[in-house]
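Colleague: One structure, pasted below without further comment.
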Amino acid sequence: MKPTATKLFAAALACAGALAANASLAQAIKVAQVLELSGGGTTAGTMYRNGVKLAMNEINAAGGIMGRKVEVSEMDTQSQPAVAKAMTIKAIDDGVSAIFGPVFSGSILVSMTESQKASIPNFTGGEAANLTAQGNPFLFRSSFNQAMGMPKVANYLANDLKVKSVAVVFINNDFGKGGRDAIIKELGARNIKVAADISADPGQVDFSSTVLRAKQANADAVFAYLNEEESARLLRELRKQGYDKPIVGETTIMGAKVIELAGSAANGVRGHVGLTAEAPTASIQAFAQKFEKEFKTKSDHNGIKGYFSAYVYKAAVEKAKSTDGKAVAAALKNSCFSAKQFPGVLMDVCFDDKGDIDRESFLVEVKEGKQIVTATLPPLTKR
Amino acid sequence: MTDFFQLLISGIATGSIYAMAALGFTLLWQAAGTINFAQGEFVMLPAFAMLIGIAAGLPLWLAFVVAVAISVLVLGAGFKRLVVDPMRGSGVVAVVVATLGLSIGLKSFVKAGYSAEPHPFPSVFSEEVFKLAGVTISYSDVGALVFAGLMVLGLQMLLNKTITGRAMQAVAQNTFAAEALGINVKRMILYTFGINAILVAVTALLITPTYLAKFDMGDNIGLKAFFAAIIGGFNNSRGALLGGVLVGVLENLAGAYLTPSYKDGVALVLFLAVILVKPDGLLGTPQERKV
């Protein structure tokens, strides 16, 4: 029987379809970095970007994710929430399977509604407590929620430093306000008086009056919760005005970039960090060396967050055996990833049903321009 | 009371740095009818020039000397020849627009070459502090105050006590009369641009340890200097000094006794008040316009 023209055409279409399907299987996985690459959050955004970049280069060099290469695009939020939202929409229009960033809490709070609508997993370095409280099933943190980090700082203030009063200096954005609310609540629970509650503006360059107000409060210690540049300027001014009481912070103020910018003024600062390149963990030490070799600068916690996010995405895709956003999100919720099984995640980590994470953390002090880990704290919840 | 004195000293130190940048505004206006809205970026560029010098192994003082030389060449003579001179005759607005464009261009140029991240900058003075009558004073504040004071004093002496300075003032007051008196007007204008280039390099040296070297570090200093120049009187160099110190001190006092959030608004409020009450500035004189 001779094949008719119609049958031939149908067969050709079927072949073309099969070929297209094969081709799409081998297609690269598109992901986007929507980060603060200019503006007030440049330091945080650039570190995070470099962390993701390093991880994705390694992943691609090792064959990609499920045999597919990862294509990473970068978009600058200019540290502005409105731009972050626009860039997230652009990334979704480009057909990405995952979004990394923004880091700033105020930006992710606005942009994550778009990734949620598109059912795309969105990793963030934001720490504001209200982020995961929004009930977005596609949002995943790469660092502690402030509500988890601040109790550790308050314990340190109460039990180790035995302070009775604290002057709180915070940055007036979502990150700072969230941290300020969380620490004041925790200090109150431990009967530590808040002697002064001082806000600083994003981009503020002169901290002389801020420091003077903190000094006037005559508290036993200062708790500072600001972004990197402002932290460095505050430390310089505290030293310039001869402040000699403990300066305590949570993660940012003891970061590598702050130490670099503040110079000797950072010495003596102490507190709690969720992530540090100085952690006494072989995997983190190896990461820190690779990062420094690649980017000629030390990684801070944001660099680790980026690296971790990329590898945790890989682990989730492999677990879900799909890049489908819903499947990847389901693979992350209420799941733990061990560093032994997934070395790129660097430390054993667990996600809860809200996208918050839990893992070990550290108490540190800055000595001679270097972060020194003084204690390793266990995860809050054992699984 | 000790707090007040501490705020006063620190405010005068910061204000004297604003004053130097403001002085540049007034000098260029008087000598060449130029309002330079890239003045903040003119402060930023020598800071990066010094960073490059330091990265190349030069000590800070030598990097500063090199930065001053580059600044005089590029931000003085180069700016005059390539931007201001071709615009002369097109009116003030054309020059303003050109300097606004230059400001954006310079920022983009540095951002592309040196990233948008802030960079640490060494302090030329010791970071130690000492106590005087209960007031904690830093050597860096004293250093900035003395350095800026000497610069302004030297400039005043140059303008008032030397023939060149008087010739420069004559050019500022009336170009045609100065030319008729045999003064080399072009050279005097070039000197003014050169002085501005030195002022911005010194400002960069003093302010960058606090501001940190960043492509947009000039935004704040440029704006404050502009307000200071208007407050003091755009056509009076002593006015720039007064305006700078006023802004520095009042910012500090408002930050400490009201709230730090109002601090950046102080210059703007003062600026508006002066514009409404004395439009020529505190020490400025009314200027006649030819119709």
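Protein chains in written order, with my numbering: chain A, 77 to 459; chain B, 87 to 377. Backbone N, C-alpha and C fix where the C-beta goes; we use that ideal spot for every residue, glycine too.
Run through chain B and tell me which residues come within less than 7 angstroms of residue 281 of chain A, C-beta to C-beta.
Modeller: Taking the first residue of the first sequence as position 1, residue 281 of chain A is located at position 205. Chain B residues near residue 281 of chain A: 296, 297, 306.
Colleague: The beta strand (DSSP E) with residue 319 of chain A in it runs from where to where?
Modeller: Numbered from 1 along the first sequence, position 243 holds the residue referred to as residue 319 of chain A. It is not in any beta strand (DSSP E) - residue 319 of chain A carries neither H nor E in the DSSP assignment.
Colleague: Using a beta-carbon distance below 8 angstroms, is residue 289 of chain A in contact with chain E?
Modeller: Looking at the structure shown, chain E is missing, and the protein chains on hand are A and B.
Colleague: Roughly how many whole angstroms lie between the Cα atoms of residue 448 of chain A and residue 360 of chain A?
Modeller: Within the first sequence, numbered from 1, the residue matching residue 448 of chain A stands at position 372. Within the first sequence, numbered from 1, the residue matching residue 360 of chain A stands at position 284. C-alpha separation (whole angstroms): 14 angstroms.
Colleague: Between which two residues does the beta strand (DSSP E) containing residue 62 of chain A stretch?
Modeller: Only positions 77 to 459 of chain A appear in the structure, and residue 62 of chain A is not among them; the question remains open.
Colleague: Can you give the Cα-Cα distance for residue 249 of chain B and residue 274 of chain B, rounded to whole angstroms?
Modeller: Numbered from its first residue, the second sequence carries residue 249 of chain B at position 163. Numbered from its first residue, the second sequence carries residue 274 of chain B at position 188. Distance between the alpha carbons of residue 249 of chain B and residue 274 of chain B is about 11 angstroms.
Colleague: Please report the residue range of the beta strand (DSSP E) in which residue 297 of chain A lies.
Modeller: As a working mapping, residue 297 of chain A is identified with position 221 in the first sequence. Taken as a continuous stretch (DSSP letters only), the beta strand (DSSP E) holding residue 297 of chain A covers 297-301.
Colleague: Output the residue ranges of the beta strand (DSSP E) runs that lie fully inside the segment 341-429 of chain A and measure 3 residues or longer, sorted by chain position.
Modeller: Fully enclosed beta strand (DSSP E) runs of 3 or longer: 346-349, 425-427.
Colleague: What would DSSP say about residue 102 of chain B, mapped onto helix, strand or coil?
Modeller: If you number the second sequence from 1, residue 102 of chain B lands on position 16. Residue 102 of chain B: helix per DSSP, three-state reduction.
Colleague: Assess contact between the segment 315-324 of chain A and the segment 188-200 of chain A, defined as three or more Cβ pairs (one per stretch) separated by less than 8 angstroms. Is contact present?
Modeller: Short answer: they don't touch.
Colleague: Looking only at C-alpha atoms, which of A/286, A/180, A/237 sits nearest to residue 117 of chain A?
Modeller: As a first step, residue 117 of chain A must be located in the first sequence, where it is residue number 41. Out of A/286, A/180, A/237, A/180 has the C-alpha closest to the C-alpha of residue 117 of chain A.
Colleague: Can you look up residue 257 of chain A in the DSSP assignment and give me helix, strand or coil?
Modeller: Indexing the first sequence from 1 puts residue 257 of chain A at position 181. Note: residue 257 of chain A maps to helix in three-state DSSP.
Colleague: Does residue 157 of chain A pass the burial test, meaning 16 or more other C-beta atoms within 10 Å, or should it be called exposed?
Modeller: If you number the first sequence from 1, residue 157 of chain A lands on position 81. Under this definition residue 157 of chain A is a buried residue.
Colleague: DSSP has residue 218 of chain B in a bridge; who is on the other side?
Modeller: What you label residue 218 of chain B is simply residue 132 of the second sequence in a count that begins at 1. According to DSSP, residue 218 of chain B bridges with B/221.
Colleague: Residues of chain B with CB under 7 angstroms from residue 276 of chain A, in chain order?
Modeller: Your numbering for residue 276 of chain A matches position 200 in the first sequence. Simply 346.
Colleague: CB-CB under 6 angstroms to residue 225 of chain B, same chain, minus the five flanking residues each way: which ones, in chain order?
Modeller: Indexing the second sequence from 1 puts residue 225 of chain B at position 139. Hits under 6 angstroms: 211, 212, 214.
Colleague: Please classify residue 151 of chain A: is it buried, with 16 or more other beta-carbons within 10 angstroms of its beta-carbon, or exposed?
Modeller: Mapped onto the first sequence, residue 151 of chain A falls at position 75. Buried is the call here.
Colleague: Just mark residue 141 of chain A as buried or exposed, buried being the case when its beta carbon has 16 or more other beta carbons within 10 Å.
Modeller: By 1-based counting over the first sequence, the position of residue 141 of chain A is 65. Buried.
Colleague: Taking 8 angstroms as the cut-off, does the segment 218-230 of chain A touch the segment 276-289 of chain A (at least 3 CB pairs, one atom from each stretch)?
Modeller: The segment 276-289 of chain A is not in contact with the segment 218-230 of chain A.
Colleague: Once you ignore the five residues that flank residue 405 of chain A on each side, which residues in its own chain have a CB closer than 7 angstroms to its CB?
Modeller: The count along the first sequence starts at 1 and reaches residue 405 of chain A at position 329. Same-chain partners within the cutoff: 197, 213, 214.
Colleague: Is it a yes or a no for the segment 347-357 of chain B touching the segment 275-286 of chain A, going by three-plus beta-carbon pairs under 8 angstroms?
Modeller: Yes, the segment 347-357 of chain B touches the segment 275-286 of chain A.
Colleague: Can you find the residues in the same chain that come closer than 6 angstroms, C-beta to C-beta, to residue 120 of chain B, ignoring five residues on each side of it along the sequence?
Modeller: Position 34 of the second sequence, counted from the first residue, corresponds to residue 120 of chain B. Counting only Cβ-Cβ distances below 6 angstroms, and skipping sequence neighbours, we find 114, 170, 181.
Colleague: Answer with yes or no whether the minimum CB distance from residue 127 of chain B to chain A is below 8 angstroms.
Modeller: Taking the second sequence and counting its residues from 1, the one referred to as residue 127 of chain B is at position 41. For residue 127 of chain B, the answer is no, since every Cβ of chain A falls outside 8 angstroms of its Cβ.
Colleague: Suppose you measure from the CA of residue 101 of chain B to the CA of residue 332 of chain A; what does that come to, to the nearest Å?
Modeller: Start at 1 with the first residue of the second sequence, and residue 101 of chain B comes out as number 15. Start at 1 with the first residue of the first sequence, and residue 332 of chain A comes out as number 256. Using only the alpha carbons, I get a separation of about 32 angstroms.
Colleague: By alpha-carbon positions, which one of A/185, A/431, A/103, A/130 ends up nearest to residue 172 of chain A?
Modeller: On the first sequence, residue 172 of chain A is found 96 positions in, with the first residue counted as 1. Of the listed residues, the one whose Cα sits closest to residue 172 of chain A is A/103.
Colleague: Residue 122 of chain A versus chain B: which residues are under 9 angstroms apart at the beta carbon?
Modeller: Taking the first residue of the first sequence as 1, we reach residue 122 of chain A at position 46. Those are 201, 202, 203, listed as they occur along chain B.
Colleague: Identify, in the order they occur along the chain, each residue of the same chain with its Cβ nearer than 7 angstroms to the Cβ of residue 97 of chain A, setting aside the five sequence neighbours on each side.
Modeller: Taking the first residue of the first sequence as position 1, residue 97 of chain A is located at position 21. No answer about residue 97 of chain A holds up, because its pLDDT of 47 lies below 50 and its placement is not dependable.
Colleague: Spell out a yes or no on whether the segment 371-386 of chain A and the segment 345-354 of chain A are touching, meaning 3 or more CB-CB pairs, one atom from each, closer than 8 angstroms.
Modeller: Verdict: yes, contact present.
Colleague: Return the chain-ordered ranges of every beta strand (DSSP E) run that is complete within the segment 273-337 of chain B and spans a minimum of 3 residues.
Modeller: Counting only runs of 3 or more, we get nothing.
Colleague: Within the same chain, show all residues whose beta-carbon is closer than 7 angstroms to that of residue 421 of chain A, passing over the 5 residues directly before and after it, in chain order.
Modeller: As a working note, residue 421 of chain A is residue 345 in the first sequence. Excluding residues within five positions, the ones whose Cβ falls inside 7 angstroms are 384, 387, 388, 391, 413, 415.
Colleague: Per the contact definition of three or more C-beta pairs closer than 8 angstroms, is the segment 317-330 of chain B in contact with the segment 299-307 of chain A?
Modeller: No contact exists between the segment 299-307 of chain A and the segment 317-330 of chain B.
Colleague: Name, in chain order, the residues that DSSP records as bridge partners for residue 147 of chain A.
Modeller: Stepping through the first sequence from its first residue, residue 147 of chain A is reached at position 71. The partner list for residue 147 of chain A (beta bridge, DSSP) reads A/106.
Colleague: Can you list, in chain order, the residues of its chain whose CB lies under 6 angstroms from that of residue 114 of chain A, leaving out five sequence neighbours each side?
Modeller: Numbered from 1 along the first sequence, position 38 holds the residue referred to as residue 114 of chain A. Hits under 6 angstroms: 152, 154.
Colleague: Output, in chain order, the set of chain A residues within a Cβ distance shorter than 9 angstroms of residue 100 of chain B.
Modeller: Counting from one through the second sequence, the residue named residue 100 of chain B turns up at place 14. The answer, in chain order, is 282, 284.
Colleague: Use the C-beta contact count for residue 272 of chain B: other C-beta atoms within 10 angstroms, 16 or more gives buried, fewer gives exposed.
Modeller: What you label residue 272 of chain B is simply residue 186 of the second sequence in a count that begins at 1. Its Cβ having fewer than 16 others within 10 Å, residue 272 of chain B is exposed.
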